[in-house]
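As numbered in our numbering, the sequence shown has no gaps in its residue numbers, which increase by one up to the final residue, 203.
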Amino acid sequence: MIGKIGKLEVICGSMFSGKTEELMYRLRRAEYAKKNVLTIKHKIDNRKSYSCIVTHNGRKREAYPVTSCEEGVKTLAKLADDSIDIIGIDEIQFFPEEVVPVVQDCIDRGIRVIVAGLDMDFRGEPFGIVPSLMAIADEVIKLRAICMSCGNEANHTQRLINGLAANYEDETILVGGEECYEARCRNCYQINKKAFALECS
3 MIGKIGKLEV ICGSMFSGKT EELMYRLRRA EYAKKNVLTI KHKIDNRKSY
53 SCIVTHNGRK REAYPVTSCE EGVKTLAKLA DDSIDIIGID EIQFFPEEVV
103 PVVQDCIDRG IRVIVAGLDM DFRGEPFGIV PSLMAIADEV IKLRAICMSC
153 GNEANHTQRL INGLAANYED ETILVGGEEC YEARCRNCYQ INKKAFALEC
203 S
């Protein structure tokens with residue numbers, strides 16, 4: 003007899019699109035169904051809480067903080083034992099490639115894995131392991147925010163430095179919220195490529 007196979011659900015989109023809220027909603031429903039749920043967050047995201055995932059409107063859910071180092075990946079694999087029915091991982095874009103086989107192993111052992119994260123970085127390019135997870139997912143939910151410039155639907159995350167568009171060559175990871183990011187539509191999104199273009203010429 004073939005054992006139970008799990009599934010992978012990827013919730014992605016720009017900042018302020020409701021990814022964490024959707025993740026929490028799915029995990030709450032699983033708990034109503036008497037499932038054993040494990041919630042994971044990345045340690046780097048301590049903007050509002052060290053031990054909770056937090057939506058932009060202030061809703062919280064306890065989560066186990068994990069790092070990107072080898073020890074953190076091992077901890078994640080250890081926590082995802084056979085007593086767990088469902089794993090929810092927030093800010094999946096911050097995790098290293100080594101997490102993908104851990105996720106696949108969980109699915110093979112019958113665990114339902116739900117991850118949430120940015121599919122594009124502030125440059126408008128694929129972010130971390132999210133594209134790899136989207137490729138093997140059973141379900142991909144791409145959420146949209148509202149453009150903070152024109153009010154249309156937004157797919158991009160605009161990074162702002164002193165109110166101006168960030169430079170292309172700036173660090174990929176800068177943890178922050180409304181103080182340095184906005185949701186933008188394709189028309190209103192901007193990236194300053196001048197410094198990058200001079201460097202490459």
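Using N, Cα and C, we set each Cβ at its ideal position, and we do this for glycine too.
In this text, all values refer to a predicted model and were calculated from it rather than measured experimentally.
For leucine 29, there is no enclosing beta strand (DSSP E); the enclosing alpha helix (DSSP H) has its first and last residue at 21-34. For the options Met17, Met26, Phe18, the alpha carbon positioned closest to that of glutamate 11 is the one of Met26. Taking a contact as a CB-CB distance under 8 angstroms, the pair alanine 147 and glycine 15 counts as one, their CB atoms being some 7 angstroms apart. Lysine 195 is a Cβ neighbour of tyrosine 170, given a cutoff of 8 angstroms. Residue pairing from DSSP places tyrosine 66 in a beta bridge opposite Ile42. In this structure, the straight-line span from the alpha carbon of serine 85 to that of lysine 62 is close to 24 angstroms. In this structure, Leu135 is the residue among Leu135, Glu72, Val115 with its C-alpha nearest to the C-alpha of aspartate 121. Ranked by Cα distance from leucine 162, the options Val101, Asn154, Phe124 are led by Phe124.
With a cutoff of 8 angstroms on beta-carbon distance, leucine 78 and isoleucine 42 are scored as near each other. By the CB criterion at 8 angstroms, glycine 8 and valine 102 fall outside the cutoff.
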